[in-house]
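Protein chains: 4
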Amino acid sequence: MPDDATPTNTEWVLTISCPDRPGIVHAVTGILVQLGANITESQQFGNPDSEHFFLRLQFVSAATEQEIANALRPVADELSLEVGLDRVGRPVRTLVMVSKAGHCLNDLLFRQRSGQLPIEVVGVVGNHTDLAGLAEFYGVPFHHVPVTAESKEQSEATISELVDSLDVELVVLARYMQILSAELCDRLRGKVINIHHSFLPSFKGARPYHQAHKRGVKLIGATAHFVTTDLDEGPIIEQDVARVDHNQRISDFVALGQEIEARTLARAVKWHAQGRIILDGQRTVIFR
Amino acid sequence: MPDDATPTNTEWVLTISCPDRPGIVHAVTGILVQLGANITESQQFGNPDSEHFFLRLQFVSAATEQEIANALRPVADELSLEVGLDRVGRPVRTLVMVSKAGHCLNDLLFRQRSGQLPIEVVGVVGNHTDLAGLAEFYGVPFHHVPVTAESKEQSEATISELVDSLDVELVVLARYMQILSAELCDRLRGKVINIHHSFLPSFKGARPYHQAHKRGVKLIGATAHFVTTDLDEGPIIEQDVARVDHNQRISDFVALGQEIEARTLARAVKWHAQGRIILDGQRTVIFR
Amino acid sequence: MPDDATPTNTEWVLTISCPDRPGIVHAVTGILVQLGANITESQQFGNPDSEHFFLRLQFVSAATEQEIANALRPVADELSLEVGLDRVGRPVRTLVMVSKAGHCLNDLLFRQRSGQLPIEVVGVVGNHTDLAGLAEFYGVPFHHVPVTAESKEQSEATISELVDSLDVELVVLARYMQILSAELCDRLRGKVINIHHSFLPSFKGARPYHQAHKRGVKLIGATAHFVTTDLDEGPIIEQDVARVDHNQRISDFVALGQEIEARTLARAVKWHAQGRIILDGQRTVIFR
Amino acid sequence: MPDDATPTNTEWVLTISCPDRPGIVHAVTGILVQLGANITESQQFGNPDSEHFFLRLQFVSAATEQEIANALRPVADELSLEVGLDRVGRPVRTLVMVSKAGHCLNDLLFRQRSGQLPIEVVGVVGNHTDLAGLAEFYGVPFHHVPVTAESKEQSEATISELVDSLDVELVVLARYMQILSAELCDRLRGKVINIHHSFLPSFKGARPYHQAHKRGVKLIGATAHFVTTDLDEGPIIEQDVARVDHNQRISDFVALGQEIEARTLARAVKWHAQGRIILDGQRTVIFR
Numbered sequence: 001m002p003d004d005a006t007p008t009n010t011e012w013v014l015t016i017s018c019p020d021r022p023g024i025v026h027a028v029t030g031i032l033v034q035l036g037a038n039i040t041e042s043q044q045f046g047n048p049d050s051e052h053f054f055l056r057l058q059f060v061s062a063a064t065e066q067e068i069a070n071a072l073r074p075v076a077d078e079l080s081l082e083v084g085l086d087r088v089g090r091p092v093r094t095l096v097m098v099s100k101a102g103h104c105l106n107d108l109l110f111r112q113r114s115g116q117l118p119i120e121v122v123g124v125v126g127n128h129t130d131l132a133g134l135a136e137f138y139g140v141p142f143h144h145v146p147v148t149a150e151s152k153e154q155s156e157a158t159i160s161e162l163v164d165s166l167d168v169e170l171v172v173l174a175r176y177m178q179i180l181s182a183e184l185c186d187r188l189r190g191k192v193i194n195i196h197h198s199f200l201p202s203f204k205g206a207r208p209y210h211q212a213h214k215r216g217v218k219l220i221g222a223t224a225h226f227v228t229t230d231l232d233e234g235p236i237i238e239q240d241v242a243r244v245d246h247n248q249r250i251s252d253f254v255a256l257g258q259e260i261e262a263r264t265l266a267r268a269v270k271w272h273a274q275g276r277i278i279l280d281g282q283r284t285v286i287f288r
Numbered sequence: 001m002p003d004d005a006t007p008t009n010t011e012w013v014l015t016i017s018c019p020d021r022p023g024i025v026h027a028v029t030g031i032l033v034q035l036g037a038n039i040t041e042s043q044q045f046g047n048p049d050s051e052h053f054f055l056r057l058q059f060v061s062a063a064t065e066q067e068i069a070n071a072l073r074p075v076a077d078e079l080s081l082e083v084g085l086d087r088v089g090r091p092v093r094t095l096v097m098v099s100k101a102g103h104c105l106n107d108l109l110f111r112q113r114s115g116q117l118p119i120e121v122v123g124v125v126g127n128h129t130d131l132a133g134l135a136e137f138y139g140v141p142f143h144h145v146p147v148t149a150e151s152k153e154q155s156e157a158t159i160s161e162l163v164d165s166l167d168v169e170l171v172v173l174a175r176y177m178q179i180l181s182a183e184l185c186d187r188l189r190g191k192v193i194n195i196h197h198s199f200l201p202s203f204k205g206a207r208p209y210h211q212a213h214k215r216g217v218k219l220i221g222a223t224a225h226f227v228t229t230d231l232d233e234g235p236i237i238e239q240d241v242a243r244v245d246h247n248q249r250i251s252d253f254v255a256l257g258q259e260i261e262a263r264t265l266a267r268a269v270k271w272h273a274q275g276r277i278i279l280d281g282q283r284t285v286i287f288r
Numbered sequence: 001m002p003d004d005a006t007p008t009n010t011e012w013v014l015t016i017s018c019p020d021r022p023g024i025v026h027a028v029t030g031i032l033v034q035l036g037a038n039i040t041e042s043q044q045f046g047n048p049d050s051e052h053f054f055l056r057l058q059f060v061s062a063a064t065e066q067e068i069a070n071a072l073r074p075v076a077d078e079l080s081l082e083v084g085l086d087r088v089g090r091p092v093r094t095l096v097m098v099s100k101a102g103h104c105l106n107d108l109l110f111r112q113r114s115g116q117l118p119i120e121v122v123g124v125v126g127n128h129t130d131l132a133g134l135a136e137f138y139g140v141p142f143h144h145v146p147v148t149a150e151s152k153e154q155s156e157a158t159i160s161e162l163v164d165s166l167d168v169e170l171v172v173l174a175r176y177m178q179i180l181s182a183e184l185c186d187r188l189r190g191k192v193i194n195i196h197h198s199f200l201p202s203f204k205g206a207r208p209y210h211q212a213h214k215r216g217v218k219l220i221g222a223t224a225h226f227v228t229t230d231l232d233e234g235p236i237i238e239q240d241v242a243r244v245d246h247n248q249r250i251s252d253f254v255a256l257g258q259e260i261e262a263r264t265l266a267r268a269v270k271w272h273a274q275g276r277i278i279l280d281g282q283r284t285v286i287f288r
Numbered sequence: 001m002p003d004d005a006t007p008t009n010t011e012w013v014l015t016i017s018c019p020d021r022p023g024i025v026h027a028v029t030g031i032l033v034q035l036g037a038n039i040t041e042s043q044q045f046g047n048p049d050s051e052h053f054f055l056r057l058q059f060v061s062a063a064t065e066q067e068i069a070n071a072l073r074p075v076a077d078e079l080s081l082e083v084g085l086d087r088v089g090r091p092v093r094t095l096v097m098v099s100k101a102g103h104c105l106n107d108l109l110f111r112q113r114s115g116q117l118p119i120e121v122v123g124v125v126g127n128h129t130d131l132a133g134l135a136e137f138y139g140v141p142f143h144h145v146p147v148t149a150e151s152k153e154q155s156e157a158t159i160s161e162l163v164d165s166l167d168v169e170l171v172v173l174a175r176y177m178q179i180l181s182a183e184l185c186d187r188l189r190g191k192v193i194n195i196h197h198s199f200l201p202s203f204k205g206a207r208p209y210h211q212a213h214k215r216g217v218k219l220i221g222a223t224a225h226f227v228t229t230d231l232d233e234g235p236i237i238e239q240d241v242a243r244v245d246h247n248q249r250i251s252d253f254v255a256l257g258q259e260i261e262a263r264t265l266a267r268a269v270k271w272h273a274q275g276r277i278i279l280d281g282q283r284t285v286i287f288r
């Protein structure tokens, strides 16, 4: 959360979702005019199926967060708005969970350092230690939390504690090869992004590249999605594919797939950190 | 132009471009609230380089076109708005110009008939007669306007007369292998879309697939752009590419390229007919 | 089938599949050297999983088809080769089956006329009459074969007779909305190509764009595959995708999907007609 | 270079280019039959324009490199073959040259460690020291070779010495922001791969993303090519693109472009290290 002592002329991002009805944009922009704000970016979407309306605004204003929130409250109450407000570019506190494969972690950490991702990776959790060195290179604490059938409950408690103690806002499963319990999924709902190594809903479950190779598909893909209790069924954020042919073996699928996974996950994390993703039932609205 | 006797609850598309300043969206949406309009789609963009602001709104309203125009006038004057107003889905009167290759014409006519393109092709002009039968199949009058060095002036006069007599709003150069004169370009500025068979600015001018093959590129492309007096330099609307390899000959480039050309041009024409393209100097804002 | 009275210096395409073992290429190319042939194109693939070997050769030779076949026979017997031999560019006799949507038929007929597809469409079968005019425009006989629960058996008999009487080598289901019986599938095994309007194995069965929209995917696709008795499970020939977003409705998916379907099917048909597809169990080897 | 004491049943890659004529494949595969070799992969291409023939074979054989070379010599002499012979998977000794931007270096080093690239990065040369830490993390010696107008000659001498003393087989310009002298280009001809941050031949020279943004293109790209004395005109190995829109600023182009650059360069390096690239005049034959 941004504090109140923000500098003048901060840029803010405001996200709104609500039941659709006339006058929403005019009402909200009216508040911004009162606040002396200048809108720098705006996107909206009315879903005729769900009859819900979604709005994302970026604006520059000298008002404090508290002043903005106060000004919005009457309209928010009247129109039943779900409101999100944040400073543009504020690094989102992120916990990355991994197993042995480092391509997604490497990509996220490199992009963060390059200034391309508005996140701060506050910790890396691995159920193996293979990636401790990579985390260390980027100056991020590595937590080894092994998971066995017996230790699973204890391991999840440890993860929950880390989420709390580190003020984690976003958990990224960067090829973490364990399934989170329903309890943890529920607790972190809307805050956990996973990368699945197939073009969902094709090839759910284990070893998707093996499944894809066996089926003889001509494109393989990856899917970044929010984690829900329904495995591989959470709202899709982003997907991408690449072409394969008969000549490529499963190991080629894996190597090519890693490239797709890394860039697909990075986009999803970036959009989430920039407040560009709003949930619309089982679907996502992405204001790119 | 839509007439005034529009039915109640028509859907309208409003496009605005103007110098950027605070309060534009609030002012415009205020007018819409007064008119009892409900916004169904909205996109905006402020270009920090040109300091211009662009807005596209779709809204449903029972007001007539005249009433909407009257209501907008004071705000338009105050904020120096360039305003476009049209009924959503009104077929744009379109003249397609061709030579011998029919892939783009075939695609446009098929899409129009399928209801995918909000245009009405009111005529086809060909400097050859090869495509007369195709036009006829779709019930569109074909005008044979041959062009030679000597007849060029006369030919362009004929085209100008067709544009006038047919109330043409959009001219599409669908692989028309003649260059329009500077006079005609100026007269029809912002109303002529061309498909160039390369990924501009690569391979301007003649025989781009030959140039591309010689250079050994690994992707070939097509570019839909507005026609200006500066050949192949007009504002780009859309581009697309496809992969090629050493094994493909120039004739393969041409065949694959035709597929890219047709779909690239169709997108550009569709967006133009839907009022999704606004000029921003030498660049285009595309509200997809 | 090519006849024997072929002109001198014909270009031939030879396809071979067999159990893998050393010396195959040398043995086959040895025959070609004896025949005074010059290889113009060659591709091969050994599948280490199925331990099968696949070869496609194009060569120029003055020998007759019978002479080539005779020369190959001893090697074919010794190495258990499955051999295919045809003249390059010979138009494959093709029957296109349609319902109401014409985008694939239009694309195939246009490409055939443009010389881009080495097929001869010898007939169009429609269970509706909507596309009779399009077939007629291209000079192709249209056969109206309505299908109801009661008439299905009779309809399939009619189709079988057409396949026989027209010497059909390839049947293309160009958005034909009926399921072929197991008998017909078996009879025409390896000779029927279907276009499914999803990225298989996602969204098998009916109304895939509806399924895709509901699931909130970010890419939609199409799949060209051989038809087998196992619905939507036949060997995949080609797939392609395009990007969609939350803003697009099912009708937008359909329109965009038609473009993907048409080009994906055209590629599959072209490769088949050029002898570039060899079956490898449930997968395809595509020698592009 | 592979030594002679190779283990039995080594897998070899053989590349051949020569003037086209009948019988080449049969002659070469005849040698392999004599050597008791089993072909595992084969691709060939005859360029009808240049009348040159290109062949790449992988085969397993118990023969030593010397035995293979000896066996090939008579055929090579008779048919004027240019022959390349190497062990499959032998890491190619690679020198990576960088300036300040680390995305390509990071990608190459990560892929090498993951076993995805058959190269051994034997050194990193930087004209700045920004990336010394990254090289160190991967255990690769970093050489700081600053370049100024005055020191250029001396700097290139240093680089030449490194190439010699480290037995460098491939030099990768991984966003190295200096132009190599004509002398060095000539000395290392066919051994230097550069990544240019545009879709060549569009936007040659400096600041291509700025040029692309100004021109208002709808796709940006990157090009991996061999370095020749003719700047940005060397034979193209690989190109890729990504979609941009009016909303994206130059910094967005740069960030997205880095992703394209890294994967495009990685592909080019991999193909080169696998012996999949053969020069065909100003073009490349890529046997993927």
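Protein chains in written order, with the UniProt record's numbering: chain A, 1 to 288; chain B, 1 to 288; chain C, 1 to 288; chain D, 1 to 288. By construction, the Cβ of each residue, glycine as well, lies at the ideal position given by its N, Cα and C atoms.
Assuming residue i and residue j form a contact by the criterion Cβ under 8 angstroms, report the distance between their Cβ atoms to the nearest whole angstrom.
i	j	result
residue 10 of chain A	residue 87 of chain A	6 angstroms
residue 117 of chain D	residue 105 of chain D	Not a contact, Cβ separation roughly 13 angstroms.
Of all the CB atoms in chain A, is at least one closer than 8 angstroms to the CB of residue i?
i	result
residue 254 of chain C	no
Less than 8 angstroms separating the beta-carbons of residue i and residue j?
i	j	result
residue 182 of chain B	residue 229 of chain B	yes
residue 239 of chain C	residue 221 of chain C	yes
residue 29 of chain C	residue 225 of chain D	no
residue 246 of chain A	residue 284 of chain C	yes
residue 130 of chain A	residue 152 of chain A	no
Taking Cβ positions only, does residue i come closer than 8 angstroms to chain D?
i	result
residue 47 of chain A	no
residue 238 of chain B	yes
residue 82 of chain A	no
residue 293 of chain C	In the structure as shown, chain C begins at 1 and stops at 288. Residue 293 of chain C is therefore absent and cannot be evaluated.
Could you compute how far the alpha carbon of residue i sits from the alpha carbon of residue j?
i	j	result
residue 89 of chain A	residue 57 of chain A	14 angstroms
residue 103 of chain D	residue 111 of chain D	12 angstroms
residue 253 of chain C	residue 209 of chain C	6 angstroms
residue 174 of chain D	residue 288 of chain B	36 angstroms
residue 67 of chain B	residue 77 of chain A	33 angstroms
Establish whether the CB of residue i and some CB of chain B are separated by less than 8 angstroms.
i	result
residue 270 of chain D	no
Could you check whether the Cβ of residue i sits closer than 8 angstroms to any Cβ belonging to chain C?
i	result
residue 102 of chain D	no
residue 89 of chain D	no
Is residue i near the ligand SAM, in the sense that its beta carbon is under 7 angstroms from a heavy atom of that ligand?
i	result
residue 285 of chain D	Annotation note on the ligand SAM: not contained in the displayed structure, which lists no ligands.
Near residue i, which residues of its chain fall below 8 angstroms by C-beta distance, leaving aside the five closest residues on each side in sequence?
i	result
residue 169 of chain A	92, 93, 94 and 191
Under 7 angstroms Cβ to Cβ from residue i, same chain only, skipping five residues before and after it: list those, please.
i	result
residue 186 of chain D	229
residue 38 of chain B	59 and 60
residue 257 of chain C	197, 209, 220 and 222
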